[in-house]
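Working notes for the structure below.
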Amino acid sequence: MTTTPRPGDTPPPAAATDPGAPPPCDTPPVPAPASDVTRGDAAPGSRAVGPDRTDGATEATGVTGATSGGPAVAAPVAVPGAARPAPVAPPKRQPTARSRVTALRVGPRAAVTLLVASLLGLAMFCWPLLVPPQPQGVAHAAQAPMLFVVLLPIILAVVLAELTEGGLDPKTLALLGVLAALNAALRPLGAGTAGIETVFFLLILAGRVFGPGFGFALGATSLFASALLTAGVGPWLPFQMMAAAWVGLGAGLLPRRPSGRAEIAMLAAYGAASAYLFGFVMNLWFWPFAIGDGTQLSFDPEAGPMTNLHTFFLYTLATSAFGWDTGRAITNIIAIAVLGPAVLATLRRAARRAAFDTPVSFAAAEPQGARRP
Amino acid sequence: MSGDRQPARPGRRWPEPTWPPLARSLHPGAWWLWALGLAVAASRTTNPLLLAMILAVAAYVVVRRRGDAPWALSFRMYLALGAFIIVMRVAFRIVFGGGQGDTVLFTLPEIPLPEAAAGIRLFGEVAAEQLLGGFYDGLRLATMVVCVGAANSLADPKRMLKALPGALYEVGASVVVALTVAPQLIESVRRVRRARRLRGAAGKGRRALRGIIIPVLEDALNRSLALAAAMASRGYGRTGGADPRTRLITGVLVVVGLVGVCGGLYGVLDAAAPALLGAPLLLGGGAVALAGLVLGGRRVRRTGYRPDRWRPAELLTAGAGATTAALMFLTAGVDPDNLYPSLSPLSWPELSLIPVLAVLAGVLPAFLTPEPPRTAAPPVAAPRPAGGANGPGGANGPGGANGAGGANGLGGANGAEPRKEPVA
Chain A
46 MTTTPRPGDT PPPAAATDPG APPPCDTPPV PAPASDVTRG DAAPGSRAVG
96 PDRTDGATEA TGVTGATSGG PAVAAPVAVP GAARPAPVAP PKRQPTARSR
146 VTALRVGPRA AVTLLVASLL GLAMFCWPLL VPPQPQGVAH AAQAPMLFVV
196 LLPIILAVVL AELTEGGLDP KTLALLGVLA ALNAALRPLG AGTAGIETVF
246 FLLILAGRVF GPGFGFALGA TSLFASALLT AGVGPWLPFQ MMAAAWVGLG
296 AGLLPRRPSG RAEIAMLAAY GAASAYLFGF VMNLWFWPFA IGDGTQLSFD
346 PEAGPMTNLH TFFLYTLATS AFGWDTGRAI TNIIAIAVLG PAVLATLRRA
396 ARRAAFDTPV SFAAAEPQGA RRP
Chain B
14 MSGDRQPARP GRRWPEPTWP PLARSLHPGA WWLWALGLAV AASRTTNPLL
64 LAMILAVAAY VVVRRRGDAP WALSFRMYLA LGAFIIVMRV AFRIVFGGGQ
114 GDTVLFTLPE IPLPEAAAGI RLFGEVAAEQ LLGGFYDGLR LATMVVCVGA
164 ANSLADPKRM LKALPGALYE VGASVVVALT VAPQLIESVR RVRRARRLRG
214 AAGKGRRALR GIIIPVLEDA LNRSLALAAA MASRGYGRTG GADPRTRLIT
264 GVLVVVGLVG VCGGLYGVLD AAAPALLGAP LLLGGGAVAL AGLVLGGRRV
314 RRTGYRPDRW RPAELLTAGA GATTAALMFL TAGVDPDNLY PSLSPLSWPE
364 LSLIPVLAVL AGVLPAFLTP EPPRTAAPPV AAPRPAGGAN GPGGANGPGG
414 ANGAGGANGL GGANGAEPRK EPVA
């Protein structure tokens with residue numbers, strides 16, 4: 046991809062002595078190898094010691110960034126991000142083992158964007174049912190799906206950009222990448238054999254543990270990475286990404302309270318429902334393309350929505366509901382019931398180690414900090 | 014182009030024009046533009062002869078110019094998908110056709126369904142018009158799919174990720190992580206299984222599944238945290254910090270754009286709405302949202318490592334696709350009859366000159382572009398740890414090594430990685 050500009054050709058001996066490196070800090074409650082990263086909106090929760098110095102470091106390192114050459118295993122160095130000299134405030138809440146973490150915080154602006162874009166996406170999926178029964182609608186209906194194929198990638202890009210608008214925590218980014226890789230590797234396992242679709246169970250469990258924003262991003266990146274790995278890029282990809290992103294988002298929005306067996310039962314039920322819904326919307330979008338017009342099961346722009354819904358229902362029954370969708374639902378239920386508890390525990394342990402919600406406090410940097418410009 | 018005027022920087026200069034040109038892989042965007050041009054051309058006709066020509070052109074260019082990377086082998090899959098689309102359409106015409114058309118080819122026994130199924134009857138008379146209509150439509154869609162498949166097998170997806178706008182930098186980086194980690198998972202599975210065998214737990218079934226999946230998951234998650242630590246220690250996650258005004262403008266652009274798309278969507282779907290409310294508003298809203306995306310991307314300051322440049326071969330490839338599409342549009346205004354062969358009365362499809370020339374323009378990249386590099390004779394490359402399925406053509410930082418340190422593979426995170434100076 047791309048690189049950050051580096052100040053010189055020779056790497057500095059160690060990141061800690063790099064003039065561009067941020068000051069070392071101590072993060073007492075973090076057992077993870079790396080300490081947390083404070084962002085502008087997370088600043089109220091952080092206890093900044095020596096604010097002037099931290100701020101100066103922020104400006105100094107704004108462009109150059111730290112370069113490699115330091116030890117591969119991270120020294121406990123925090124990158125203050127857009128940290129501003131924040132007033133000393135106690136942390137708002139300490140994450141407990143049971144509460145969910147928020148690996149990807151969805152701000153109000155991102156939430157609005159997500160909502161509008163989801164509505165738009167839903168309309169683009171369901172357009173065959175939304176066209177009013179008018180004879181002139183024919184010309185429009187022919188042109189609409191092509192426009193949607195062009196527009197949905199843009200909408201998806203905008204939403205993902207808004208979700209990561211404040212910059213993405215490296216831990217979130219790495220988790221997103223690794224889980225997407227797992228999903229992409231799981232996907233070909235069952236492809237082609239009667240709808241055994243193995244993408245969703247890890248997506249649902251991860252959405253449950255890491256929150257709705259992370260679930261949305263994970264759904265989109267999983268399918269994207271999978272398409273790149275197995276070269277499945279096509280006009281259908283944005284639609285698959287959007288639908289899978291909704292599955293992850295919904296898993297993150299499930300009620301928090303259930304735990305233990307109730308939680309597994311809830312997730313399995315959600316897995317079954319989302320499998321059918323995923324199949325439904327994907328089918329609905331592809332229906333006019335799959336069989337064209339001129340059959341009795343075809344989309345008819347001049348008929349009303351209810352007639353079309355009926356026709357579509359028959360089409361779904363005839364093509365995919367029993368094979369693919371049911372296979373997908375059963376896969377989800379079995380995978381979540383069998384592997385769910387262990388996978389949830391593993392994911393929660395990783396979330397605890399990553400310490401997403403832990404506030405970071407900056408200590409005054411000693412000798413190295415004094416040489417700072 | 015500017016490189017020629019700067020002889021003081023030999024690294025930037027284009028190589029001396031040689032023939033045949035040195036093997037290199039083209040900019041992925043050029044292949045995508047070329048393929049989309051062909052796909053647009055295919056969308057403008059149902060003439061099976063023209064569509065077959067487009068298919069042949071796409072397949073020929075793919076065979077001549079694809080590398081030996083894993084994604085290059087995917088063209089077959091798209092051909093199968095295209096065949097499936099055609100078969101599906103024709104089969105649906107036979108089963109659910111409802112007996113439209115005059116030239117009845119054969120008659121199958123009818124099966125009337127109950128009233129709940131909207132009075133549909135299965136099978137019945139099968140007419141030639143029906144079958145041909147399904148075949149033409151299916152062939153058109155299949156050709157478009159195959160064109161997309163051609164781009165898939167010609168363009169390097171990892172280099173495509175470099176072209177993502179800045180606002181998607183983080184998401185793109187995590188996709189790069191995913192692409193890099195995925196091959197390592199296989200190795201992880203192998204390690205876990207060997208450890209299980211050494212312990213004598215050679216069981217199968219449920220317990221074995223859990224005994225493999227959970228350690229692999231744990232391994233992957235630990236790896237991700239180590240990667241994050243390595244990235245953080247290298248200063249990753251330092252965005253330049255957009256000023257509040259830019260953020261405000263970005264937000265306004267994005268929201269206004271999306272609302273515009275909403276309005277346009279309504280206009281497109283409701284035929285009674287004024288024409289201006291339709292496609293123009295839809296695309297306008299998309300453009301505004303895109304502007305917000307670009308503006309929001311300015312907070313990410315980054316430079317490209319060996320950026321992909323547009324050279325004459327790239328321009329020629331993209332131009333060939335654009336020519337095909339443009340000539341096909343031109344023909345649609347002049348001579349529309351041969352583009353859509355008549356079904357009633359049935360007639361043989363015919364070819365006219367301009368569409369044929371249009372399609373033939375698309376084959377030029379097969380001859381006029383440099384050959385793709387082959388990994389069979391690898392150039393001097395630094396030995397790399399496991400993973401990284403890219404050959405020397407992968408000029409991308411991300412694909413490669415991702416060993417103990419983790420972040421090494423991420424070109425996005427660090428520029429000062431001395432091992433990453435392969436063939437210039």
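Each protein sequence line maps, in turn, to chains A and B.
This note's numbering numbers the first residue of the first sequence as 46 and each following residue consecutively.
This note's numbering numbers the first residue of the second sequence as 14 and each following residue consecutively.
We treat Cβ as the ideally placed atom computed from N, Cα and C, and that holds for glycine.
No experiment lies behind these values; they were computed from the predicted model shown.
Under a CB-based cut-off of 7 angstroms, is residue i close to chain B?
| i | result |
| --- | --- |
| R154 of chain A | yes |
| T266 of chain A | yes |
| D402 of chain A | no |
| G256 of chain A | no |
| V194 of chain A | no |
| P333 of chain A | no |
| A219 of chain A | yes |
| G279 of chain A | yes |
Report all residues from its chain with a CB closer than 8 angstroms to the CB of residue i; omit the five preceding and five following residues, and keep chain order.
| i | result |
| --- | --- |
| L354 of chain A | L174 |
For chain A, is any of its Cβ atoms less than 7 angstroms away from the one on residue i?
| i | result |
| --- | --- |
| P383 of chain B | no |
| A245 of chain B | yes |
| A186 of chain B | yes |
| S237 of chain B | yes |
| L49 of chain B | no |
| A394 of chain B | Per-residue confidence for A394 of chain B stands at a pLDDT of 44, beneath the threshold of 50, marking its modelled position as unreliable; no derived number is given. |
| F109 of chain B | yes |
| Y249 of chain B | yes |
| L192 of chain B | yes |
| E231 of chain B | yes |
For residue i, which residues from the same chain have a beta carbon less than 7 angstroms from its beta carbon, with the 5 sequence-adjacent residues on both sides left out?
| i | result |
| --- | --- |
| P122 of chain B | F136 |
| W9 of chain B | Residue coverage of chain B in this structure runs from 14 to 437, which leaves residue 9 of chain B outside it and unanswerable. |
| L68 of chain B | T156 and V159 |
| L294 of chain B | G273, G276, G277 and G280 |
| V269 of chain B | V301 |
Using the Cα positions of residue i and residue j, report the straight-line distance between them to the nearest angstrom.
| i | j | result |
| --- | --- | --- |
| R258 of chain B | L282 of chain A | 34 angstroms |
| V347 of chain B | L356 of chain B | 20 angstroms |
| E104 of chain A | E183 of chain B | Legend: pLDDT at E104 of chain A = 35, less than 50; position of this residue unreliable, value from coordinates given subsequently. When rounded, the distance between both Cα atoms is 21 angstroms. |
| T337 of chain B | D350 of chain B | 18 angstroms |
| A245 of chain B | A54 of chain B | 48 angstroms |
| T391 of chain A | L384 of chain A | 11 angstroms |
| G90 of chain A | A409 of chain A | Its pLDDT being 35, under 50, G90 of chain A is placed unreliably in this model, and the value from its coordinates should be taken loosely. Between G90 of chain A and A409 of chain A, the C-alpha separation is close to 18 angstroms. |
| V161 of chain A | V274 of chain B | 10 angstroms |
| W330 of chain A | L366 of chain B | 37 angstroms |
| G264 of chain B | L296 of chain B | 19 angstroms |
| P125 of chain B | V139 of chain B | 15 angstroms |
| G305 of chain B | R311 of chain B | 10 angstroms |
Apart from the five residues on each side of it in sequence, which residues of its chain come closer than 6 angstroms, Cβ to Cβ, to residue i?
| i | result |
| --- | --- |
| A272 of chain A | V278 and L282 |
| G147 of chain B | R102, V103 and R106 |
| G252 of chain A | G260, G293, A296 and G297 |
| F401 of chain A | V146 and A148 |
| L220 of chain A | none |
Report buried or exposed for residue i, applying the criterion of at least 16 other Cβ atoms within 10 angstroms of its Cβ.
| i | result |
| --- | --- |
| A98 of chain B | A quick correction: the sequence has Ile, not Ala, at residue 98 of chain B. Its Cβ being crowded by 16 or more others within 10 Å, I98 of chain B is buried. |
| M287 of chain A | buried |
| P385 of chain B | buried |
| R79 of chain B | buried |
| T361 of chain A | buried |
| E308 of chain A | buried |
| E327 of chain B | buried |
| I200 of chain A | buried |
| A9 of chain B | As shown, chain B starts at 14 and ends at 437. That puts residue 9 of chain B outside it, with no answer to give. |
| M66 of chain B | buried |
| I226 of chain B | buried |
| R143 of chain A | Since pLDDT at R143 of chain A reaches only 49, below the 50 mark, its modelled position is unreliable, and the value read off the structure follows with that caveat. R143 of chain A is exposed by the Cβ-count criterion. |
Given 6 angstroms as the limit, tell me if residue i has its C-beta closer than that to any heavy atom belonging to the ligand SAH.
| i | result |
| --- | --- |
| L167 of chain A | With respect to the ligand SAH, the structure shown offers nothing to examine, as it has no ligands at all. |
Worksheet item: Going along the chain, which unbroken runs of the alpha helix (DSSP H) with 4 or more residues stay wholly within the stretch 194-252 of chain B?
Response: 219-246
Fill in: Secondary structure, beta strand (DSSP E): runs of 3+ residues fully inside the stretch 129-195 of chain B
138-140
Discussion item. Extract the residue ranges of the beta strand (DSSP E) inside the stretch 343-396 of chain B, only unbroken runs of 3 or more that lie entirely within it.
Written reply: none
Worksheet item: Residue ranges of each alpha helix (DSSP H) run of no fewer than 4 residues wholly in the stretch 19-100 of chain B, ordered along the chain?
Response: Counting whole runs of 4 or more residues, the stretch 19-100 of chain B contains the alpha helix (DSSP H) stretches 41-56 and 61-78.
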